[in-house]
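These notes concern the structure reproduced below.
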Amino acid sequence: MPKSETKMSCDLPRYRWRKPLFENILDKSVYGYVRYILENRQLSESHIERFLSISIDNFDPKFENDRVERAIHIFKNMINADEPIGIFGDYDADGVTSVAILCSFLSYLGKKFIFKLPTRDEGYGIRVEVLEFFKDMGINNIVVLDSGSNSREVWQTARKMGLNLLYLDHHEILCDLEKDLNLINPHLWNGDLLCSAGVIFRFLMLLDIFKNCCEIFPTLLELATIGTVGDSIELLGDSRIIVKLGLNQLKNSTIPGIVNFFNIKMPYISIEDLMFYLVPLINSAGRVGKPDLALSFLLEKNFHKSIEKCNLLESLNQKRKSIQSQFFSICMSILNESLYSPHVHFMRLDNCPKGIIGPLASRLACSYKKPFFLCSGEQLLYGSGRSPGNDIDLIELYNQIKSEYPAINEHFVNFGGHQGAVGFTIKKDAFPEIKKRFERFRIRESIPFLNIDIIFDGFSIDDNFFRALKAMTPFGFGNQKVLVCTKGIAFNNLESSIDYSEVVVFRHYNNIRWIIKNNRQILKDLLNAKFDVVWEAKVKNDGIDFEFLDAKVVFLECC
1 MPKSETKMSC DLPRYRWRKP LFENILDKSV YGYVRYILEN RQLSESHIER FLSISIDNFD
61 PKFENDRVER AIHIFKNMIN ADEPIGIFGD YDADGVTSVA ILCSFLSYLG KKFIFKLPTR
121 DEGYGIRVEV LEFFKDMGIN NIVVLDSGSN SREVWQTARK MGLNLLYLDH HEILCDLEKD
181 LNLINPHLWN GDLLCSAGVI FRFLMLLDIF KNCCEIFPTL LELATIGTVG DSIELLGDSR
241 IIVKLGLNQL KNSTIPGIVN FFNIKMPYIS IEDLMFYLVP LINSAGRVGK PDLALSFLLE
301 KNFHKSIEKC NLLESLNQKR KSIQSQFFSI CMSILNESLY SPHVHFMRLD NCPKGIIGPL
361 ASRLACSYKK PFFLCSGEQL LYGSGRSPGN DIDLIELYNQ IKSEYPAINE HFVNFGGHQG
421 AVGFTIKKDA FPEIKKRFER FRIRESIPFL NIDIIFDGFS IDDNFFRALK AMTPFGFGNQ
481 KVLVCTKGIA FNNLESSIDY SEVVVFRHYN NIRWIIKNNR QILKDLLNAK FDVVWEAKVK
541 NDGIDFEFLD AKVVFLECC
């Protein structure tokens, strides 16, 4: 009987399927499986080798270049100078952990420093007012973290004021650089993608003195891991090495605040534990309070004081959630009343706190599966944009709109960020025109693809594959969860069971389950035919869940 494309009542399949480039796997060892999946994902040979060999010895050699060497010389002079070093960062998890890394390192050396973190009201990035703050305190040597790559006015003013600035950043460079600018940014040499915490971590490791700082290395690694996860950096290359090693180190954290937050010695800390619990806690200080509290929480050495600071952050995080929920309801009401549904949403909210705009835009983008740009303010509107995560690059989207309507660039006071998250400032009277241009933009719509990583006949899968999945952790942006296709599954021949809200259709062992989230119609339809099925592998501390994503009929059952 030929294969049937008959659609079921629950509209399966829901996606288009893209098969692996190479369907036959010859090496079924643990690393053979991993290599097969990575080759199908079209990673280069060097990326595959570094993916398989997690070690600080395998950091990207391109980071060691003449520009970095010059910056190291400048930083050594700062350390040896008879004055404190000024440190400026940002209010988010990456900015705070970047500053925490440098503060921890300088404290270990016994070097004095003064830090400054901006509040949301002051806005993102180094400003002339910050230079004046440090100058008034008699500080001439300043390290700027997580900003500065596009701060032309600050570069020029710092030179006029006689200040010595060193910038360590990772944001896209959107303007021409001055020849003698002391900027360390992996974009300058097409290096591995890093967050700013990763940049300062790698930079410090290149100092001659770092070899005498083994005692503090675990703390710096933990902080770099939190910053990387918090900034949703691609988990390949250096960032994967940092996070893989860091998650293992966090089980025995050297930071009292983190030990208190997770309450007990954790046998296993996952990337989800950081992403959904610790990072929001750190971010909450900058969103509805002052980021200094989050920095103090990370730097606190006293166990009991760290509990107090953890509790303060918890209360701020609850406040953030409450405010965010209120404004989410307002947004939903506005959107539900509108008869127009653009491909890109550009909205203004009255009286929305700056610290809430980003996560609110993210929640709306995920809910509507469209890019969302939100802003709020009075004469100047401060905003954030978020991608729904379906390969829509917000920087590229902005550039396309700008190419169609070049004048729009003049309406933005600033615009910058990453593929999935951007920040911007616009003038109030420019909002209607910007909204019109963004919401007129058409994104080519299509049925999304499932990029299948590997195909098996039924559930005939060996233990090496399960071990390979664990070897591929952590999963995240740039290292997506593995999609598995099992061919020719007859669900009516399987003995299913109920685990809470999930239907387990097959078990390899108690801790390796193939599950379907409760959906009565899908469950009913799956009993009436033979299917090829796509599952998403979710590796947990105590096992692996393969969650149902989609199915195609192979043979219909005859009555």
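Those letters in the sequence shown? Residues 1 to 559, by full-length UniProt numbering. From the three backbone atoms N, C-alpha and C, an ideal C-beta is built for every residue, glycine too.
query, result
"Unbroken stretches of the alpha helix (DSSP H), 4 residues or longer, contained in the region 382-434", "394-404"
"Simplified DSSP assignment, three categories, for Thr486", "strand"
"Closest Cα partner of Ala71 within the set Met332, Leu183, Tyr108", "Leu183"
"Closest Cα partner of Ile498 within the set Thr225, Val484, Ala490, Leu523", "Leu523"
"Element boundaries [beta strand (DSSP E), containing Ile142]", "141-145"
"Pair within 7 Å by beta-carbon distance, Asn185 and Ser149", "yes"
"Other residues of its chain near Gly476: CB distance less than 7 Å, five sequence neighbours each side excluded", "Leu235, Ile271"
"Pair within 7 Å by beta-carbon distance, Ile461 and Val533", "no"
"Cβ-Cβ distance between Ala407 and Val484 below 7 Å", "no"
"Pair within 7 Å by beta-carbon distance, Phe373 and Gly358", "no"
"Contact set for Leu467: own chain, Cβ-Cβ below 7 Å, skip 5 residues either direction", "The question names Leu, but residue 467 is Arg in the sequence shown. Here the set comprises Val30."
"Cβ distance (whole Å) where Ile56 is taken to contact Ile216 below 8 Å", "Rounded, the Cβ-Cβ distance is 15 Å, inconsistent with contact."
"Contact under 7 Å by Cβ, Ile401 with Phe459", "no"
"Given Gly417 as reference, the closest of Phe438, Lys427, Ile395 once Cα atoms are compared", "Ile395"
"Proximity test, Ser270 beta-carbon vs the ligand SAM heavy atom, cut-off 6 Å", "This structure simply doesn't include the ligand SAM, nor any ligand for that matter."
"Cα-Cα separation, Cys103 to Lys244", "23 Å"
"For Cys103, the first and last residue of its enclosing beta strand (DSSP E)", "Counting along the chain, Cys103 falls outside any beta strand (DSSP E), though it belongs to the alpha helix (DSSP H) covering 93-109."
"Cβ distance (whole Å) where residue 561 is taken to contact Val154 below 8 Å", "In the structure displayed, the chain extends from 1 to 559; residue 561 sits before or after that span and is not available."
"Opening and closing residue of the alpha helix (DSSP H) in which Val344 lies", "That residue, Val344, is in no alpha helix (DSSP H); it is neither H nor E in DSSP."
"Gly230 versus Met275: straight-line alpha-carbon distance, rounded", "6 Å"
"The region 118-129 contacting the region 79-93, beta-carbon criterion three pairs below 8 Å", "yes"
"Nearest-angstrom beta carbon gap, Leu349 and Gly322 [assumed within contact, 8 Å]", "Reading off the sequence shown, one finds Ser at residue 322, where the question assumed Gly. Incorrect: roughly 16 Å between the Cβ atoms, too far for contact."
"Three CB pairs or more closer than 8 Å across the region 326-341 and the region 284-292", "no"
"Within-7 Å CB hit, Met161 to chain C", "Looking for chain C here will not work: only one protein chain is present."
"Boundaries of the beta strand (DSSP E) in which Ala158 is found, first to last residue", "No beta strand (DSSP E) holds Ala158; the alpha helix (DSSP H) holding it covers 152-161."
"Three-state class that DSSP yields for Gly543 in the structure shown", "strand"
"C-alpha gap between Met137 and Leu131, whole angstroms", "10 Å"
"Residue of Pro13, Arg41, Tyr15, Leu12 minimising C-alpha distance to Phe22", "Arg41"
"Pair within 7 Å by beta-carbon distance, Asn227 and Thr97", "It is Gly, not Asn, that sits at residue 227 in the sequence shown. Contact: yes."
"Asn451 - DSSP class collapsed to helix/strand/coil", "strand"
"Buried versus exposed call for Gly110 [16 or more other C-beta atoms within 10 Å across all chains shown]", "exposed"
"Thr473 vs Val539 beta-carbon contact at 7 Å", "yes"
"3 or more residues per run - each beta strand (DSSP E) lying fully within the region 12-48", "16-18"
"Given Asn541 as reference, the closest of Lys530, Glu337, Trp17, Ile269 once Cα atoms are compared", "Ile269"
"Environment of Thr6 [buried if 16+ CB atoms lie within 10 Å]", "Residue confidence is low: Thr6 scores 46 on pLDDT, short of 50, so the model does not pin down where it sits. Its coordinate-derived value is still stated next. Counting Cβ neighbours within 10 Å, Thr6 comes out exposed, since fewer than 16 surround it."
"8 Å CB neighbourhood of Val128 in its chain, flanking five on each side removed", "Glu153, Val154, Thr157"
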